[in-house]
Structure formats: structure tokens, C-alpha cells
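In what follows, a single structure is set out as C-alpha cells and then discussed.
Protein chains: 2
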Amino acid sequence: MPASPSLSPSSAAPSTPGPVAATPAGLEPVQAEFIALFVAAAEVFGVPRSLGEIYGVIYASPRPLSFQDIVDRLAISKGSVSQGLRMLKSLGAIRTAYVPGDRRDHFEPETELRTLVGGLLRDRVNPHLEQGRHRLERVGAEIVAGKGLSKTEAAVLRARVQKLENWRRKGATLLPILTRVLS
Amino acid sequence: MPASPSLSPSSAAPSTPGPVAATPAGLEPVQAEFIALFVAAAEVFGVPRSLGEIYGVIYASPRPLSFQDIVDRLAISKGSVSQGLRMLKSLGAIRTAYVPGDRRDHFEPETELRTLVGGLLRDRVNPHLEQGRHRLERVGAEIVAGKGLSKTEAAVLRARVQKLENWRRKGATLLPILTRVLS
DNA sequence: CCTCTTGTTCATTTTTTTTTGAACAACTTA
DNA sequence: TAAGTTGTTCAAAAAAAAATGAACAAGAGG
Chain U
1 MPASPSLSPS
11 SAAPSTPGPV
21 AATPAGLEPV
31 QAEFIALFVA
41 AAEVFGVPRS
51 LGEIYGVIYA
61 SPRPLSFQDI
71 VDRLAISKGS
81 VSQGLRMLKS
91 LGAIRTAYVP
101 GDRRDHFEPE
111 TELRTLVGGL
121 LRDRVNPHLE
131 QGRHRLERVG
141 AEIVAGKGLS
151 KTEAAVLRAR
161 VQKLENWRRK
171 GATLLPILTR
181 VLS
Chain G
1001 MPASPSLSPS
1011 SAAPSTPGPV
1021 AATPAGLEPV
1031 QAEFIALFVA
1041 AAEVFGVPRS
1051 LGEIYGVIYA
1061 SPRPLSFQDI
1071 VDRLAISKGS
1081 VSQGLRMLKS
1091 LGAIRTAYVP
1101 GDRRDHFEPE
1111 TELRTLVGGL
1121 LRDRVNPHLE
1131 QGRHRLERVG
1141 AEIVAGKGLS
1151 KTEAAVLRAR
1161 VQKLENWRRK
1171 GATLLPILTR
1181 VLS
């Protein structure tokens, strides 16, 4: 193993005062606080808690962390770290950094909000927007007065389909703008 | 427990000349398509599937639906419908409509996108933004060169806290604008 | 007071998601 | 080739979230 982490592993505090729950092995309070922040964010965005932890510990480190560093500082399994890192990479939330004298990959945070939000939107929202367009067309075509629907009822439903189409269009034009504003 | 849910056709209701047959699904294809749309949306926003179903069936109906109507058309329990309706009301996604000659509540969809998105943001994002501000202040104060942190390392971390603060501020100013743009 | 309808509550059950960890693959070095 | 690292995979376990349904409340009518 190369140089030891710059933040000392240290002491298991019996009980942690303050708002952050018990700090896992080898975690400074500052780091724990950072991590808590990203765990909360992970919850908001509906991604697994471990993603927040991993991104948090990377974000909280002034230098790139190796796989093993992350496993050591968070009390989670190698498997979770491996999968978490993969997801974070695919989201564009972290990137690998070269560290001289160490053949292992090291990770540092992507700090551009645009990149992060963009990655999430790309993965979660965009596919549905496209599929939604098709479904809306189909629904619009299927609404016909007749079998159980009076003429006015059909009109109400068609108006609602129109409303959905407006939503979809607005969303589709707003998302790119949003990610641009988050420069 | 394979208790077969009795498909009780609501023939007693005088104001309900329901065209919906007692098919296993109990749904017209058009309605099913609408519902699929909102189920997908529910997934995107990270709310329970049943919320999407319930909102969907209400949205797909040209006239307000009673509690019982919803239970009949979707194959989900009374309990789920009750809780789902409560959440939808608190999100501002549906409202109750008066139907003459029927003392039961009836529900119709709120079709303003602003209201829907606003409700979600209010419930999911806002609380965290506020709490995040406090945590950021605390983290900033805790970063001091010394115990394991060199001066430059502390500077890197302080810069990252600053970045987070920028994110937070941007988010806080953007959200209200966003909901306003979604008129 | 009794009964019927309408809907809510909440302890359980079911389903889905997330995490774990041991086996294993890919490399490096000797 | 052997032996040591480093990280990945994936079946199974654990945890979390959601749905169920029986008991119960609240009100209407009788």
C-alpha cells in the first residue's frame, strides 16, 4: 500500500455528539458531515444511499482515493463499492485520476453541477420522455366517441391528451435549458 | 392468502351507468394506456406506482370518480387507494368535486403542471435545501489545516464547500423560477 | 339504538431494492 | 508457472418500501 491516507484513521468515538450519526471506522467528523450531505442528496434524487456515501467520501477528500481507500473509510462491502463506482462513472459524477507510483485507479469528484444533473436527467428522464410521446399519440388516436363515451366526454379526454402533450413538450424544451443554466 | 377479491359490480349506484364491464382488469384500453403513462411518470419522480395508477385512472375519466370507482377499476386494495388519494391530495394533484345526488367524495385531476411539480418539489427538495444550508456552514467551519490536513489540502476542501454552496444557492433560486415557468 | 354505507388505520405480508461476500477473472511480479 | 494484488460478478441475504385487508370510526337513515 502506498502512502497512508492523509486523514488519520483513528479512534472509535464511543458516541458521536452532533447531528451526524456514529462515524464508521476511519472517518473524520468533517468527512462524515460531507457524506451526510450527499446521502441526503441521494435520497432526493432517488439513487441508492451507497452512491451518496461513495461520492461523498470522494468529494470530501482533497486527493484522489483508491478503491481500497473507499472500502476502508466507509463501512460497506467491496461489492457495493465496485457497483457504486461503476454507477458514478456512468453518471459522470467521478473520474479517474492518475497517481504516480500506484497502478491502481484513483477517483476524484466531478464538481460541475451541470455534469451531475445532466447525467441524472439523461438516465432517468429522457428515455421516458421519448416513450411518452409515442404513447400519447396512440392514446389520442384511441379516443373515439361511441362505446361508452359521449361526444362531450370524448372531447374532455382529448383536451386532457392535449394537455399532456403540452407538458411533454414543455419538459423536453426545458430540460436542455435547465442543464445549460446550471453552468 | 388467496382471498379472491369479490368483483362487485356497482350496479346499485343510480348515477353510475358504468360502461365498465367486470373484466379482470376492469379497464378500457384507452384508460389502461393513460394509466401506463402516469405509472411511468411515477417511476421517474420516485413516487409509488399506485400513485401513478390512481392519478392515471382519475385523469383518464371524463367525469369525477368516487373512491369505489377507483377501487373497482384498478385491482388494488381499499387501503392503497385511501393512502394514495391522501398523498395525491397533499401533493395538490387531485381535488374533490361535488356530484349532485351522491354524498360520497368524488375526485378530479388537477391538470396544471405547475401545481403538480410544485407539490413534488415542496415535499421532496425544499426541506433538504434548508437543512443543507446549515450543514454546509458547519462543514466550512470545521475545515482547518492541522490535524492531518496540509494548508493546500484544507484550501481544496474549502473550495469544494464553496462549490456546494454555489450549487445550493443556484438550486434555491432556480426552483421558484422553474415552477413559475411551468405556468 | 341499530344497521348500512363510506372510508381510514395500521399491523402484517408481499414485493422490490440494495447490500453482502465468496468465487473468480485479470494483471503484475517474481 | 506460481503467488500476490486489485477489482468484478452474481446468487443469496438483508433491508426498505409498498400493498393488503380486517378492524374500526364516522355519519346517515331509519
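Chains as they are written, first to last, in the working numbering: chain U, 1 to 183; chain G, 1001 to 1183.
Ideal placement from N, C-alpha and C gives every residue a C-beta, glycine not left out.
Computed from a prediction, not measured in an experiment: that's the story for all the values here.
Handout entry: Strand pairing of Arg95 of chain U, partner residues [DSSP]
Key = On the first sequence, residue 95 of chain U is found 95 positions in, with the first residue counted as 1. Beta-bridge pairing links Arg95 of chain U to U:Glu108.
Exercise for the section: Measure the C-alpha to C-alpha separation of Ala1021 of chain G and Tyr1098 of chain G and round it to an integer number of angstroms. Expected result: Walking along the second sequence from the start, residue 1021 of chain G turns up at place 21. Walking along the second sequence from the start, residue 1098 of chain G turns up at place 98. Residue confidence for Ala1021 of chain G is low, a pLDDT of 34 falling below 50, so the modelled location carries little weight and cannot support an answer.
Problem - Alpha-carbon spacing of Gly1084 of chain G relative to Ala41 of chain U, whole angstroms - result: As a working mapping, residue 1084 of chain G is identified with position 84 in the second sequence. As a working mapping, residue 41 of chain U is identified with position 41 in the first sequence. Taking the straight line joining both Cα atoms gives about 25 angstroms.
Handout entry: Coil, strand or helix - Ser1066 of chain G by DSSP
Key = Taking the first residue of the second sequence as 1, we reach residue 1066 of chain G at position 66. When DSSP states are grouped into helix, strand and coil, Ser1066 of chain G belongs to the strand group.
Problem - Residues of the segment 1106-1138 of chain G whose Cβ lies closer than 8 angstroms to any Cβ of chain U, in chain order - result: Pro1109, Thr1111, Leu1113, Arg1124, Val1125, His1128, Gln1131, Gly1132, Arg1135, Leu1136, Arg1138
Practice task
Below 8 angstroms CB to CB, which residues in the same chain sit around Glu43 of chain U once its five sequence neighbours on both sides are set aside?
Solution key: Counting from one through the first sequence, the residue named residue 43 of chain U turns up at place 43. Contacts found: Arg49, Gly52.
Problem - Contact under 8 angstroms by Cβ, Thr1173 of chain G with Gly1118 of chain G - result: Here the question's residue 1173 of chain G lines up with position 173 in the second sequence. Here the question's residue 1118 of chain G lines up with position 118 in the second sequence. Contact: no.
Practice task
Give the secondary structure of Val1047 of chain G by DSSP, where H, G and I count as helix, E and B as strand, and everything else as coil.
Solution key: Within the second sequence, residue 1047 of chain G is the residue found at index 47, counting from 1. Three-state DSSP puts Val1047 of chain G in coil, outside helix and strand.
Handout entry: Of the residues G:Ser1090, G:Asp1072, G:Lys1151, G:His1134, the one placed nearest Glu1110 of chain G, counting alpha carbons only
Key = Translated into the one-based positions of the second sequence, residue 1110 of chain G becomes position 110. The option with the nearest alpha carbon to Glu1110 of chain G is G:Ser1090.
Handout entry: Leu1027 of chain G classed as buried or exposed, judged by whether at least 16 other C-beta atoms fall within 10 angstroms
Key = Taking the second sequence and counting its residues from 1, the one referred to as residue 1027 of chain G is at position 27. Taking all protein chains shown into account, Leu1027 of chain G has 16 or more neighbouring C-beta atoms within 10 Å of its C-beta and is therefore buried.
Problem - CB contact check: Pro24 of chain U to chain G, cutoff 8 angstroms - result: By one-based count along the first sequence, residue 24 of chain U stands at place 24. Note that Pro24 of chain U scores a pLDDT of 48, beneath 50, so its modelled location is shaky; the value from the coordinates is reported in the next line. No, Pro24 of chain U does not count as interfacial toward chain G.
Exercise for the section: Please list the partners that Ala40 of chain U has in chain G, where partner means a Cβ-to-Cβ separation under 9 angstroms. Expected result: As a position in the first sequence, residue 40 of chain U is number 40, starting the count at 1. Under the 9 angstroms cutoff, chain G gives His1128, Gln1131, Gly1132, Arg1135.
Exercise for the section: Evaluate Ile1177 of chain G with the Cβ neighbour count: other Cβ atoms within 10 Å of its Cβ, from every protein chain shown; 16 or more gives buried, anything less gives exposed. Expected result: To locate residue 1177 of chain G, count along the second sequence from 1; it is residue 177. Exposed.
Practice task
Kindly say whether Val71 of chain U, judged by its beta-carbon, lies nearer than 8 angstroms to any beta-carbon of chain G.
Solution key: Numbered from its first residue, the first sequence carries residue 71 of chain U at position 71. Not an interface residue.
Handout entry: Neighbour flag for Leu1157 of chain G against chain U, beta carbons, 8 angstroms
Key = One-based indexing of the second sequence puts residue 1157 of chain G at position 157. Yes, Leu1157 of chain G counts as interfacial toward chain U.
Handout entry: the segment 39-65 of chain U: positions lying closer than 9 angstroms to chain G by Cβ
Key = Ala40, Ala41, Glu43, Val44, Phe45, Gly46, Tyr59, Ala60, Ser61, Pro62, Arg63
Exercise for the section: Give the straight-line distance between the Cα atoms of Glu142 of chain U and Asp1102 of chain G, rounded to the nearest whole angstrom. Expected result: In the first sequence, the residue the question calls residue 142 of chain U occupies position 142. In the second sequence, the residue the question calls residue 1102 of chain G occupies position 102. Near 31 angstroms, if we compare the C-alpha coordinates of Asp1102 of chain G and Glu142 of chain U.
Exercise for the section: Would you kindly check if the distance between the Cβ of Leu1088 of chain G and the Cβ of Tyr1059 of chain G is under 8 angstroms? Expected result: Locating residue 1059 of chain G in the second sequence gives position 59, where the first residue counts as 1. Locating residue 1088 of chain G in the second sequence gives position 88, where the first residue counts as 1. Not in contact: Tyr1059 of chain G and Leu1088 of chain G (Cβ atoms no closer than 8 angstroms).
Handout entry: Val161 of chain U, buried or exposed, once every other Cβ within 10 Å from all chains shown has been counted against 16
Key = Within the first sequence, numbered from 1, the residue matching residue 161 of chain U stands at position 161. Buried.
Handout entry: Sub-8 angstroms separation of Pro64 of chain U and His106 of chain U beta-carbons
Key = Here residue 64 of chain U corresponds to residue number 64 of the first sequence, with the count starting at 1. Here residue 106 of chain U corresponds to residue number 106 of the first sequence, with the count starting at 1. Going by C-beta atoms, Pro64 of chain U is nearer than 8 angstroms to His106 of chain U.
Exercise for the section: Please decide whether Ile1035 of chain G counts as near chain U, where near means a Cβ-Cβ distance under 8 angstroms. Expected result: Position 35 of the second sequence holds residue 1035 of chain G. Not one chain U Cβ lies under 8 angstroms of Ile1035 of chain G.
Problem - Arg1103 of chain G at chain U interface by Cβ criterion, 8 angstroms - result: Taking the second sequence and counting its residues from 1, the one referred to as residue 1103 of chain G is at position 103. Using a Cβ-Cβ cut-off of 8 angstroms, Arg1103 of chain G does not count as an interface residue toward chain U, since no Cβ of chain U sits closer than that to its own.
Handout entry: Enclosing alpha helix (DSSP H) for Arg124 of chain U [first to last residue]
Key = Sequence index remark: in the first sequence, residue 124 of chain U carries index 124 (1-based). Looking at the DSSP string, the run of the alpha helix (DSSP H) that includes Arg124 of chain U is 113-124.
Practice task
Would you kindly work out how many angstroms separate the C-alpha atoms of Trp167 of chain U and Val1181 of chain G, rounded to a whole number?
Solution key: Counting from 1 along the first sequence, the entry for residue 167 of chain U is found at position 167. Counting from 1 along the second sequence, the entry for residue 1181 of chain G is found at position 181. Taking the straight line from one Cα to the other gives about 12 angstroms.
Exercise for the section: Go through its chain and collect everything with a Cβ distance to Val81 of chain U's Cβ below 7 angstroms, but skip five positions before and after it. Expected result: Walking along the first sequence from the start, residue 81 of chain U turns up at place 81. Cβ within range, chain order: Ile54, Phe67, Ile70, Val71.
Exercise for the section: Could you check the C-alpha separation between Thr115 of chain U and Val1125 of chain G for me, to the nearest Å? Expected result: Taking the first residue of the first sequence as 1, we reach residue 115 of chain U at position 115. Taking the first residue of the second sequence as 1, we reach residue 1125 of chain G at position 125. Rounded to the nearest angstrom, the two C-alpha atoms are 19 angstroms apart.
Handout entry: Best match in U:Gly79, U:Phe38, U:Ala154, U:Arg104 for proximity to Val139 of chain U [C-alpha to C-alpha]
Key = Locating residue 139 of chain U in the first sequence gives position 139, counting from the first residue. Closest option to Val139 of chain U, judged by alpha-carbon separation, among U:Gly79, U:Phe38, U:Ala154, U:Arg104: U:Ala154.
Exercise for the section: Within its chain, find whatever has a CB closer than 7 angstroms to the CB of Glu1165 of chain G; leave out the 5 residues flanking it on each side and keep chain order. Expected result: Counted from its first residue, the second sequence places residue 1165 of chain G at position 165. Once the five neighbours on either side are set aside, the close Cβ partners of Glu1165 of chain G are Leu1136.
Practice task
Would you grab the beta carbon distance between Lys982 of chain G and Leu113 of chain U for me? Rounded to a whole angstrom, and I think it's under 8 angstroms.
Solution key: No statement about residue 982 of chain G is possible, as the shown extent of chain G runs from 1001 to 1183 and does not include it.
Exercise for the section: Under 7 angstroms between beta-carbons, which chain U residues line up against Pro1100 of chain G? List them in chain order, please. Expected result: Within the second sequence, the letter at position 100 stands for residue 1100 of chain G. The contacting residues do not exist; Pro1100 of chain G stays about 17 angstroms from chain U at best.
Exercise for the section: Go ahead and label Arg104 of chain U buried or exposed: buried means 16 or more other beta carbons lie within 10 angstroms of its beta carbon, across all protein chains shown. Expected result: If you number the first sequence from 1, residue 104 of chain U lands on position 104. So Arg104 of chain U ends up on the exposed side.
Handout entry: Below-8 angstroms beta-carbon distance, Val1181 of chain G vs any chain U residue
Key = Position 181 of the second sequence, counting from 1, holds the residue named residue 1181 of chain G. For Val1181 of chain G, the answer is yes, since a Cβ of chain U falls inside 8 angstroms of its Cβ.
Practice task
Would you please verify whether the beta carbon of Glu165 of chain U is less than 8 angstroms from any beta carbon of chain G?
Solution key: Here residue 165 of chain U refers to the residue found at position 165 of the first sequence. False, the Cβ-Cβ gap to chain G never drops below 8 angstroms.
Exercise for the section: Establish whether the CB of Arg1095 of chain G and some CB of chain U are separated by less than 8 angstroms. Expected result: Numbered from its first residue, the second sequence carries residue 1095 of chain G at position 95. No - not a single Cβ of chain U is within 8 angstroms of the one on Arg1095 of chain G.
Exercise for the section: Could you tell me if Val144 of chain U is buried or exposed, where buried requires 16 or more neighbouring beta carbons within 10 angstroms of its beta carbon? Expected result: Counted from its first residue, the first sequence places residue 144 of chain U at position 144. With fewer than 16 other Cβ atoms within 10 Å, it is exposed.
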